[in-house]
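Accompanying notes for the structure given below.
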Amino acid sequence: MSNRLIIAIDGPSASGKGTLARRLAAHFGLPHLDTGLLYRAVGLKSHQTGRTPIETAANLQTSDLANPELRTDSAGQQASKVAAIPEVRDKLLNLQRKFAHQPSGAVLDGRDIGTVICPDAPVKLFVTASPEARAERRYRELRERGGNTIKPRVLAEMAERDRRDSERAAAPLVAAPDAFLLDTSDMDADAAFAAALAFIERKGFRSSGP
Ligand code: DC
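For the numbering used here, add 724 to where a residue sits in the sequence shown, where the first one is 1.
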């Protein structure tokens, strides 16, 4: 086994995978790619320009990932729709693989990192939580950002996106057979980080930092 640390993190929305990915990247001093942003950028840009999602994915620029609008729930819904198009996924494949296999190692989070993008990653985590726990988190996040939504609506939209991401034919959301399952329903971010770190250290990887 190569000792290059690639951490592949998959899971549904609001499972805590993004926070975990950022913390692990900081701990190990690794670059991090939130691959959901790629699909969000394709959805939003194709909507704004009228170009097809496939064409948009083929011409995606790093600067397209800096748009704050990408964080909204409607961008998430659009992302989930364009993400079901196999040719869109194909166009984004090399960029993600290249990021994963840079000499430093890397952390990537998404839906198909451990299954399609990096089936060879030495560390795979599948982060999940009950729909209620995830909807509660997303609801609080939206309220903090000033949105005025209601909880049943957040839960319904999340269920719709989960269904689309899990039932699509192309690279559906599914845990890799060798992934470490982390259910964060009753965990805060610190507990999730501690559990993931213990798993990674059991695999023989340690931070080289102070
Ligand atoms: O992680 P996120 O909520 O930002 O992702 C937005 C959508 O993008 C998600 O509903 C499905 C899609 N996605 C994907 O299909 N594959 C990935 N690796 C990441 C995201």
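We put the beta carbon where it would ideally sit given N, CA and C, even for glycine.
Predicted model, so just to flag it, every value in this text is computed and none were measured.
Candidates 794, 827 and 903, of which the one nearest residue 927 by Cα = Shortest Cα-Cα distance from residue 927 to any of 794, 827 and 903 involves 903.
Compute the Euclidean distance between the alpha carbons of residue 823 and residue 909, then round it to the nearest angstrom.
-> Cα to Cα, residue 823 sits roughly 30 Å from residue 909.
Who are the near neighbours of residue 837 in its chain, counting only those whose CB is closer than 6 Å to its CB and skipping five residues on each side?
-> Hits under 6 Å: 732 and 734.
Which class does residue 924 belong to by DSSP, given the choice of helix, strand or coil?
-> Note: residue 924 maps to helix in three-state DSSP.
Hey, would you say residue 797 sits closer than 8 Å to residue 881, going by beta carbons?
-> It is a contact, given that the beta carbons lie within the stated cut-off.
Any non-hydrogen atom of ligand 1 within 7 Å of residue 835 CB | Distances from the CB of residue 835 to the heavy atoms of ligand 1 include at least one below 7 Å.
Using a threshold of 7 Å, is the CB atom of residue 863 nearer than that to any non-hydrogen atom of ligand 1?
-> For residue 863, the shortest C-beta to heavy atom distance toward ligand 1 is 7 Å or greater.
How close, in whole Å, do the beta carbons of residue 817 and residue 762 come, if the pair is a contact with beta carbons under 8 Å?
-> Contact flag wrong, Cβ pair sits at about 10 Å.
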